[in-house]
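To start, the structure itself, in structure tokens.
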Amino acid sequence: MNRAFLFIILVLALPLSLAVQDLLPSLPPCRERIQLLPVVFAFGVLALPLVPALWFALFAAVVQGLSLVQVQAGQAEIGLTLPVVFFLFWAIVLQMAGEATKGMRWELHAAGSALVAFTMLSGEFLALCFRRGGFPADMTVLVRIAVPSVAALLLAPLFYLLLRSLVPLAPEEEQQGIPKSTGPVR
Amino acid sequence: MKKILITALVLLAVTAVAFCTLEAGPLLHLKSALLGLLSPISRSGGAVKSSLGDLGKDLMTLEQLQSEYDRVLAENRKLRAENNGLRDFQQENNHLRDVLGYRERSSFRLVPAAVIGHDSGVWWSTVRINRGSRDGIVPDMPVITDKGLVGKTTAVSDSISEVLLVTDENCKVAAKVEGTREQGICAGTRSPGGELQLTFLSKLADLQPGQKVYTAGVSGGIFPSGIALGTVKSFRARELDGMAVLDPTADPAAVEEVFVVTGAK
Numbered sequence: 001m002n003r004a005f006l007f008i009i010l011v012l013a014l015p016l017s018l019a020v021q022d023l024l025p026s027l028p029p030c031r032e033r034i035q036l037l038p039v040v041f042a043f044g045v046l047a048l049p050l051v052p053a054l055w056f057a058l059f060a061a062v063v064q065g066l067s068l069v070q071v072q073a074g075q076a077e078i079g080l081t082l083p084v085v086f087f088l089f090w091a092i093v094l095q096m097a098g099e100a101t102k103g104m105r106w107e108l109h110a111a112g113s114a115l116v117a118f119t120m121l122s123g124e125f126l127a128l129c130f131r132r133g134g135f136p137a138d139m140t141v142l143v144r145i146a147v148p149s150v151a152a153l154l155l156a157p158l159f160y161l162l163l164r165s166l167v168p169l170a171p172e173e174e175q176q177g178i179p180k181s182t183g184p185v186r
Numbered sequence: 187m188k189k190i191l192i193t194a195l196v197l198l199a200v201t202a203v204a205f206c207t208l209e210a211g212p213l214l215h216l217k218s219a220l221l222g223l224l225s226p227i228s229r230s231g232g233a234v235k236s237s238l239g240d241l242g243k244d245l246m247t248l249e250q251l252q253s254e255y256d257r258v259l260a261e262n263r264k265l266r267a268e269n270n271g272l273r274d275f276q277q278e279n280n281h282l283r284d285v286l287g288y289r290e291r292s293s294f295r296l297v298p299a300a301v302i303g304h305d306s307g308v309w310w311s312t313v314r315i316n317r318g319s320r321d322g323i324v325p326d327m328p329v330i331t332d333k334g335l336v337g338k339t340t341a342v343s344d345s346i347s348e349v350l351l352v353t354d355e356n357c358k359v360a361a362k363v364e365g366t367r368e369q370g371i372c373a374g375t376r377s378p379g380g381e382l383q384l385t386f387l388s389k390l391a392d393l394q395p396g397q398k399v400y401t402a403g404v405s406g407g408i409f410p411s412g413i414a415l416g417t418v419k420s421f422r423a424r425e426l427d428g429m430a431v432l433d434p435t436a437d438p439a440a441v442e443e444v445f446v447v448t449g450a451k
């Protein structure tokens with residue numbers, strides 16, 4: 001029951017995070033945007049068991065992919081294939097990381113959020129270079145990838161505390177000390 | 187239990203493949219649906235941001251005076267935007283109608299809109315406005331301010347539209363340079379610093395800083411002729427063509443109120 005509730009809350013949090021990040025002001029020096037969706041995604045795949053985590057990753061991919069869809073001359077620049085593969089890959093990696101570190105921790109969530117944000121923005125840039133041609137990688141591009149990733153790293157602990165206080169994370173398992181499929185939440 | 191897990195994984199794979207094979211049309215429809223889903227949050231968030239921004243002003247002035255001032259200001263901007271288009275149209279008409287047989291064009295029909303959010307995508311320059319299909323907006327409509335071109339509409343839901351800004355690499359606009367016969371293609375850059383690039387100019391164009399650039403209004407294009415795009419910042423001849431860097435006339439990243447050109451009057 002708790003896991004179903006957690007899944008629903010996290011699924012609702014995805015479009016909400018997208019709407020909120022669009023309303024947030026941009027960061028200096030190059031008007032970089034704060035990325036909240038990777039933070040929620042990392043929390044979700046660490047907190048859920050494997051199969052629900054994969055479904056959650058698919059939903060995250062669809063939400064993120066659709067938000068970025070730009071149609072040029074009847075063709076979608078980046079369809080949903082890249083986000084689907086990307087988020088499913090990270091869901092599996094973070095699940096394995098959760099298992100390896102014996103449970104979900106705020107440090108793992110913070111690192112996961114930053115890595116997902118960094119690779120997501122880098123992947124988008126590479127996909128655009130492949131699609132449009134050219135490779136205009138310079139310091140500005142690096143800053144535009146690095147600043148949102150660092151922002152995700154710094155915001156992740158706050159979200160971890162917020163989401164943990166909002167969502168009852170399998171308390172029966174914590175009481176019994178039995179790790180769930182991704183390990184106990186600490 | 188194992189059977190349920192396997193079924194869930196097979197379903198996941200089928201759903202993922204179904205999403206991956208979606209064409210541009212259904213994707214755009216789904217995006218419009220997502221915009222519609224987010225519109226209550228975006229609109230109320232935008233309203234809260236706007237009221238917070240206006241808090242100081244409201245404390246300083248009488249409410250009625252403020253309301254009247256806003257109305258007159260909006261009216262003034264609308265008239266200036268119309269005037270801008272009319273003046274350029276008139277100029278173009280006087281010079282070229284007899285020679286090139288350009289069709290007579292009328293002034294614009296404008297729908298005022300407020301920017302309610304900036305897309306958080308890093309590599310795309312888009313904003314969201316509080317007007318949608320129920321206000322007569324459809325994709326590929328020009329969006330302007332009293333100062334000049336802002337962009338064009340892309341995805342449109344009932345009450346919200348996405349605007350691809352002129353500073354985006356994908357927003358390509360046919361442009362002409364004031365006082366010359368030079369025409370080229372104006373677009374943003376992938377790593378937008380707020381500048382525009384005007385390419386496919388003659389290598390001998392020798393444009394000077396400060397020269398104004400307007401939309402050229404090509405046949406079958408989206409953008410009408412004579413809308414201000416920017417001013418020349420620098421020019422350099424490349425191997426095959428000339429390229430100018432422009433400062434956009436309207437700063438799309440800072441714009442708060444825009445007009446959507448829905449057609450001619």
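Top to bottom, those sequences are chains P and L. Numbering follows the working numbering, with no gaps: position 35 of the first sequence is 35. To convert a position in the second sequence, counted from 1, into the working numbering, add 186. All C-beta atoms, glycine included, are put in the ideal place defined by N, C-alpha and C. As the structure is a prediction and not an experimental result, all values here were calculated from the model.
Measuring straight from C-alpha to C-alpha, what distance separates residue i and residue j?
i: methionine 120/P; j: glycine 449/L; result: 39 Å
i: serine 292/L; j: serine 343/L; result: Note on serine 292/L: pLDDT 42, under 50, position unreliable in the model; the coordinate value appears next. About 28 Å.
i: glutamine 95/P; j: leucine 128/P; result: 29 Å
i: histidine 215/L; j: glycine 222/L; result: 10 Å
i: alanine 199/L; j: valine 11/P; result: 19 Å
i: serine 253/L; j: valine 20/P; result: 29 Å
i: glycine 374/L; j: threonine 312/L; result: 12 Å
i: glycine 218/L; j: arginine 263/L; result: Sequence check: residue 218/L is serine here, not glycine. Each residue's alpha carbon lies about 29 Å from the other.
i: arginine 320/L; j: serine 67/P; result: 21 Å
i: isoleucine 330/L; j: alanine 267/L; result: 8 Å
i: lysine 398/L; j: glycine 307/L; result: 30 Å
i: aspartate 433/L; j: lysine 419/L; result: 6 Å
i: alanine 114/P; j: asparagine 270/L; result: 47 Å
i: alanine 402/L; j: serine 26/P; result: 33 Å
i: glycine 322/L; j: isoleucine 413/L; result: 21 Å
i: leucine 50/P; j: asparagine 2/P; result: 16 Å
i: leucine 393/L; j: phenylalanine 421/L; result: 6 Å
i: leucine 387/L; j: glycine 396/L; result: 17 Å
i: threonine 435/L; j: alanine 152/P; result: 34 Å
i: isoleucine 179/L; j: alanine 4/P; result: Residue 179/L lies beyond the residue range present for chain L, which begins at 187 and ends at 451; the question has no answer from this structure.
i: tyrosine 255/L; j: glutamate 249/L; result: 10 Å
Please list the terminal residues of the continuous beta strand (DSSP E) segment that includes residue i.
i: alanine 137/P; result: Careful: alanine 137/P lies outside any beta strand (DSSP E) and carries neither H nor E.
i: valine 349/L; result: 347-351
i: leucine 335/L; result: 335-342
i: valine 446/L; result: 443-450
i: aspartate 354/L; result: Here aspartate 354/L belongs to no beta strand (DSSP E), and DSSP marks it neither H nor E.
i: leucine 296/L; result: 294-304
i: methionine 104/P; result: Segment: none, methionine 104/P is in no beta strand (DSSP E) and carries neither H nor E.
i: valine 324/L; result: Here valine 324/L belongs to no beta strand (DSSP E), and DSSP marks it neither H nor E.
i: valine 431/L; result: 428-434
Report the residue from the options whose alpha carbon sits nearest the alpha carbon of residue i.
i: leucine 382/L; options: Glu425/L, Glu355/L, Arg320/L; result: Glu355/L
i: proline 212/L; options: Ala341/L, Lys188/L, Ala267/L; result: Ala341/L
i: alanine 117/P; options: Leu163/P, Ala91/P, Asp138/P, Gln35/P; result: Gln35/P
i: valine 444/L; options: Val399/L, Lys419/L, Glu348/L, Val363/L; result: Glu348/L
i: isoleucine 346/L; options: Leu265/L, Ser225/L, Leu197/L; result: Ser225/L
i: histidine 109/P; options: Pro157/P, Ile8/P, Val71/P; result: Pro157/P
i: tryptophan 309/L; options: Leu161/P, Phe56/P, Cys30/P, Phe89/P; result: Cys30/P
i: alanine 231/L; options: Phe275/L, Met429/L, Asn316/L, Pro395/L; result: The sequence given here places glycine at residue 231/L; alanine does not occur at that position. That would be Asn316/L, whose Cα lies nearest to the Cα of glycine 231/L.
i: alanine 42/P; options: Val150/P, Thr140/P, Phe87/P, Ser122/P; result: Phe87/P
i: glycine 303/L; options: Ser388/L, Ala423/L, Tyr255/L, Val234/L; result: Val234/L
i: proline 28/P; options: Gly133/P, Ile92/P, Ile145/P, Leu153/P; result: Ile145/P
i: proline 298/L; options: Asp332/L, Arg367/L, Ser236/L; result: Asp332/L
i: glycine 65/P; options: Leu350/L, Gly380/L, Ala202/L, Val258/L; result: Ala202/L
i: phenylalanine 7/P; options: Leu18/P, Ala47/P, Ser17/P, Gly103/P; result: Ala47/P
i: threonine 140/P; options: Gly133/P, Phe125/P, Leu154/P, Leu24/P; result: Phe125/P
i: valine 363/L; options: Met429/L, Val301/L, Gly318/L, Lys338/L; result: Met429/L
i: alanine 439/L; options: Thr193/L, Ala361/L, Leu351/L; result: Leu351/L
Considering only the beta carbon of each residue, do residue i and residue j sit closer than 8 Å?
i: proline 328/L; j: valine 447/L; result: yes
i: cysteine 372/L; j: leucine 415/L; result: yes
i: proline 83/P; j: alanine 61/P; result: yes
i: valine 336/L; j: valine 431/L; result: no
i: glycine 370/L; j: threonine 385/L; result: yes
i: arginine 33/P; j: proline 148/P; result: yes
i: cysteine 206/L; j: leucine 58/P; result: no
i: valine 85/P; j: alanine 76/P; result: no
i: valine 359/L; j: phenylalanine 294/L; result: no
i: aspartate 305/L; j: aspartate 22/P; result: yes
i: valine 45/P; j: alanine 53/P; result: yes
i: phenylalanine 275/L; j: serine 411/L; result: yes
Would you mind reading off the limits of the alpha helix (DSSP H) that contains residue i?
i: alanine 199/L; result: 188-206
i: leucine 50/P; result: 50-68
i: arginine 3/P; result: 2-23
i: proline 28/P; result: Counting along the chain, proline 28/P falls outside any alpha helix (DSSP H), and DSSP gives it neither H nor E.
i: valine 45/P; result: 37-47
(request) May I have a chain-ordered list of the alpha helix (DSSP H) segments no shorter than 4 residues that lie completely inside the region 361-423 of chain L? (result) Counting whole runs of 4 or more residues, the region 361-423 of chain L contains no alpha helix (DSSP H) stretch at all.
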